[in-house]
Structures are given as structure tokens and as C-alpha cells.
Amino acid sequence: MIPRFKPNFNYEEIISLINNKKDAIKTFEEKFAYLVNSKYAITFPSGRFGLYALIKSLKIHDEIIIPGFTCIVVPASIVASNCKPVFVDISLENFNIRTNEIKSVFSEKTKAVIPTHMYGYPADIKTIRNIVGEDTYIIEDAAQAILTKDVGKFGDAVFYSFNFEKQLFTFGGGMVTTNNEEIYKKLMDFKINFLPKTKSNNNLNKTISLLYTKLIFSDILFDFFSRTWDANALRIWRKNKWEFDNIDLPLKEIYLSSDFNNTFLRVQAAVGISQLDKIKNDIKKRYEIAKIYNDKLKNLESINLPLVSDDCSYAHYTIMVNNRDKFEGFMRKKGIQINKVFEYSIPHVPYFSHFVKDKDLFRNTYTASKNNVNLPVYPQLFDKPHKITKIINNIKKYFEK
Ligand SMILES: Cc1ncc(COP(=O)(O)O)c(C=O)c1O
């Protein structure tokens with residue numbers, strides 16, 4: 039099975055993990071800040087916890103504008119911090135928030151905007167800044183956008199994720215960067231005073247998980263592991279009788295649970311340092327794969343191809359098709375795993391729809407949630423051209439029928 043994603047985790051990471059140094063976290067933060075051209079970088083247990091820490095430490099109350107199409111943990115973190123999400127539709131060109139529509143929902147109550155750099159495409163933060171002015175926080179969601187063009191240049195802070203499917207992988211983990219000293223100090227204060235401290239066995243547990251990475255993401259076993267994870271998540275939802283229709287969902291318990299707020303550990307930082315050495319090259323490879331797909335698939339009428347631009351860091355390569363599940367089933371039978379990021383339109387998710395006056399305003403969000411499907415674009419594929427050819431040939435076979 040060609041998996042849908044695969045961390046570039048090799049012997050360098052294992053050696054770095056085993057030789058992890060006492061000051062690994064500080065070194066990782068400094069190197070990351072340098073890479074993304076930021077003054078400060080602070081590790082967090084996850085991207086969502088970085089976002090939660092920002093909302094809490096900046097004492098943001100009231101309304102926060104976000105795109106309708108993003109990861110569900112974003113509105114969940116907003117609601118869990120007693121703020122109100124205000125949704126804006128997206129563009130189908132780059133799947134990012136429609137900047138012009140921000141004006142129509144912006145009000146005195148708006149305290150922040152959190153644009154997502156979806157799939158690695160740069161959201162137009164400069165224009166958003168012009169619309170909302172200097173007194174409204176802009177927190178950039180770069181969970182999928184390490185080294186996307188201009189990330190961090192016009193926003194107040196940026197959060198990143200090192201979870202599965204991301205360009206940099208430390209088996210969970212996140213980072214917040216900022217150029218603003220005051221924000222940095224407030225965040226550090228929050229991190230020191232409100233995050234749980236590492237238990238002595240955490241480094242060992244994480245080391246074992248990290249050592250298993252190669253096995254989990256092997257072409258043979260990944261399908262099994264990902265199905266097991268999904269089944270386990272479903273089991274927990276069923277056991278707790280959680281339903282999206284339920285207005286009293288315990289969002290903190292679900293999305294900001296202990297899995298996501300264990301301290302970011304030294305062993306993770308050691309792996310992150312190794313990953314940083316190759317990330318520029320990895321992103322170039324992602325871009326090259328995107329170019330190949332666009333070139334070879336351009337004559338297929340039933341597919342909408344994405345923009346190819348070297349401003350994008352291609353956490354995902356996403357095409358739009360009708361009847362996506364059938365296509366996914368066909369590819370799976372051919373030994374190729376493709377997936378949906380994301381398969382929901384947040385304004386249509388019952389829990390969040392009570393924040394929305396008119397769901398019809400979210401046509402593009404809805405379309406993306408129903409038609410988008412991601413092809414494998416992980417960098418190691420670039421060195422296995424026969425696998426890229428296999429993916430392309432099967433797509434052609436399916437759509438030329
Ligand atoms: C766009 C987006 N925002 C936020 C997050 C949350 O990151 P994490 O899983 O590290 O909390 C993700 C992760 O999937 C994401 O894709």
C-alpha cells in the first residue's frame with residue numbers, strides 16, 4: 039500500500055533521539071525561529087494547545103473570525119476558551135478564507151482573526167491586516183504551512199503542528215512563533231504556570247513511540263494502524279455518547295485532552311532538530327511532485343487540479359472530484375491510499391451551526407468538504423518515481439473509463 043502520508047523519519051532521527059541533549063528543546067526552538075525568520079519560538083504539546091495558550095494568555099474574549107473550512111480543533115479551542123467563532127467562506131482557488139468577506143462580519147466585538155494557510159497555500163494576511171487594523175490580533179494557523187511564503191510577516195503570532203500528516207514530524211507537538219516580545223512573555227508565563235510538567239517516564243514512552251515510527255508508517259502496516267486509530271476514536275465517541283448534535287459537548291475533554299497537553303519533550307525536540315536539517319529539501323520535493331501530478335493529470339476533465347505555486351509548501355496536494363468515495367475505494371484496491379482533509383464543513387457541523395445565521399453562505403466550504411481528496415505527496419515519493427507513475431496511471435484508468 040502506498041500510504042497517504044509518511045514522515046521522513048530515518049536513521050538520522052533515531053541517532054538524534056538516542057543522543058538527545060539536555061538543551062534539545064532550546065536548540066530546536068532557536069533553529070525553528072531561524073528557519074521561519076521569527077524572533078521567538080516556543081514549543082507546545084500540540085498546535086491546538088499553542089492556539090489555546092495564545093487565546094488565553096492574550097485574554098481574547100468575544101468573537102474570533104475563522105474560515106469555515108479548517109481543522110475542527112480550531113473552533114473547538116475557541117469555544118473551549120469561551121469565545122465565539124464567526125465563520126467566513128473560503129475561495130476554491132486556494133481553499134483559504136475569502137478576505138473580502140471578512141469586512142462583512144468584522145465588528146467591534148471581533149478580537150482576533152485566525153486564518154488557516156490551508157494545505158500550505160498562503161492566506162493573504164497583508165490584506166487581512168489592512169481590513170482589521172492593528173488592534174485586532176491575527177493568529178496565523180500554519181499547522182500545514184511550514185515555509186509557506188510570508189507566514190508570520192504580517193500576523194501577530196503563528197502556530198504550527200508537528201502531528202501526523204505535517205511537513206515536520208515529532209509524534210505530536212507544536213510551536214508558536216512571534217516577533218512581539220510582549221506576546222512572547224505572556225505565552226511563556228502561560229506555558230510555565232498552566233501546562234502540566236513532564237512525568238519522569240514520559241520521555242521513555244515517547245522514545246518508544248518514536249522508535250516505532252518506521253514500523254507504523256511502513257507501506258505494509260500503515261493501513262492497519264490508521265484504521266485502528268480511527269476505530270479507537272469512534273469507540274471513545276460511542277462510549278461517551280458524544281454526538282455533534284449535542285450542544286453540551288465537552289470540547290476540552292475531546293480536543294484538548296491529556297493526549298494533546300502532555301509537555302513537549304526533549305526527545306521530540308531531538309527528532310525535530312534532525313527533521314529541520316532536511317525540511318527545505320523536503321518541501322522542494324513536495325512542490326516537484328505537485329508539478330508532476332498537475333502536468334500528467336491536466337487532460338482529465340473530471341478532475342479539478344489545484345494551483346501549483348512555489349509559494350505553497352504542499353502539506354497536501356488536493357484535487358476535486360465527484361463521487362469521491364468510489365474513487366477512494368478504487369484506489370485502495372490498487373494499493374494506493376488517498377484521503378480527505380477535511381471531510382466536514384464546520385458551519386454545517388451541528389455543534390457549530392448554532393453560531394451560523396445562514397449556512398447557504400458557505401457554498402465553497404461545503405463543496406470542498408464534499409469533493410476534496412488528497413493524493414500522496416510526501417517527499418520520499420519523489421525518489422520513487424515508479425510509485426508516482428503508479429498513482430497517476432491508476433487515476434487515469436479510473437477517470438478515462
Ligand atoms: C489546519 C490545522 N489547524 C490546526 C491543527 C491542530 O494541530 P494539532 O493536531 O497539532 O493540535 C491541525 C492539525 O491537524 C490542522 O491541520
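Residues are numbered in the working numbering as their position in the sequence shown, beginning at 1, plus a constant of 38. Note that CB positions come from ideal geometry on N, CA and C, so glycine has one too.
Review point. Are the Cβ atoms of Thr154 and Cys109 separated by less than 9 Å?
Key: yes
Review point. Who are the near neighbours of Asp348 in its chain, counting only those whose CB is closer than 6 Å to its CB and skipping five residues on each side?
Key: Tyr325
Exercise for review: Give the DSSP-derived three-state secondary structure of Thr186 in the structure shown.
Suggested key: coil
Practice item. Spell out the partners DSSP gives Ala195 in its beta bridges. Key: Ile177 and Thr216
Review point. For Thr356, which beta-bridge partners are listed by DSSP?
Key: Asn412
Check your understanding: Should Cys109 be counted as a contact of ligand 1 given a C-beta to heavy atom distance under 8 Å?
Key -> yes
Point to revise | Delimiting residues of the alpha helix (DSSP H) encompassing Asp315 | key: Arg304 to Leu335
Check your understanding: From Ile357 to Ile433, what does the alpha carbon distance come to, in whole angstroms?
Key -> 11 Å
Check your understanding: Ends of the alpha helix (DSSP H) at Val112?
Key -> Val111 to Ala118
Review point. Grouping DSSP H, G and I as helix and E and B as strand, with all else coil, what is Thr81?
Key: strand
Point to revise | Supposed contact pair Pro385 and Gly106 - C-beta distance, whole angstroms, cut 8 Å | key: 5 Å
Point to revise | Through-space distance from Val394 to Asp100, alpha-carbon basis | key: 15 Å
Exercise for review: Consult DSSP for Lys397 and reduce its assignment to one of helix, strand or coil.
Suggested key: helix
Check your understanding: For Pro123, which option in Thr148, Leu345 and Phe368 has the closest C-alpha, if you only look at C-alpha atoms?
Key -> Thr148
Exercise for review: Give a single yes or no on whether Lys229 has its beta carbon closer than 8 Å to a heavy atom of ligand 1.
Suggested key: no
Exercise for review: Locate the alpha helix (DSSP H) running through Asp100, then write down its first and last residues.
Suggested key: Looking at the DSSP string, Asp100 is not in any alpha helix (DSSP H); the run it does join, the beta strand (DSSP E), is Asp100 to Pro105.
Practice item. With DSSP as the reference, please indicate the residues paired to Lys122 in a beta bridge. Key: Glu101
Check your understanding: Between which two residues does the alpha helix (DSSP H) containing Val143 stretch?
Key -> Thr137 to Val143
Review point. Is Arg324 near ligand 1, going by C-beta to nearest heavy atom under 8 Å?
Key: no
Check your understanding: Is the distance from the Cβ of Lys408 to the Cβ of Arg362 below 9 Å?
Key -> yes
Check your understanding: Between which two residues does the beta strand (DSSP E) harbouring Lys149 extend?
Key -> Thr148 to Val151
Review point. With DSSP run on the structure shown, which of helix, strand or coil describes Gly211?
Key: strand
Review point. Comparing alpha-carbon positions, which option in Arg401, Arg273, Lys428 and Lys290 lies nearest Lys334?
Key: Lys428
Check your understanding: Quick one: does the C-beta of Thr154 sit closer than 8 Å to a heavy atom of ligand 1?
Key -> yes
Check your understanding: Taking 8 Å as the cut-off, is the CB of Ser84 close to at least one heavy atom of ligand 1?
Key -> yes
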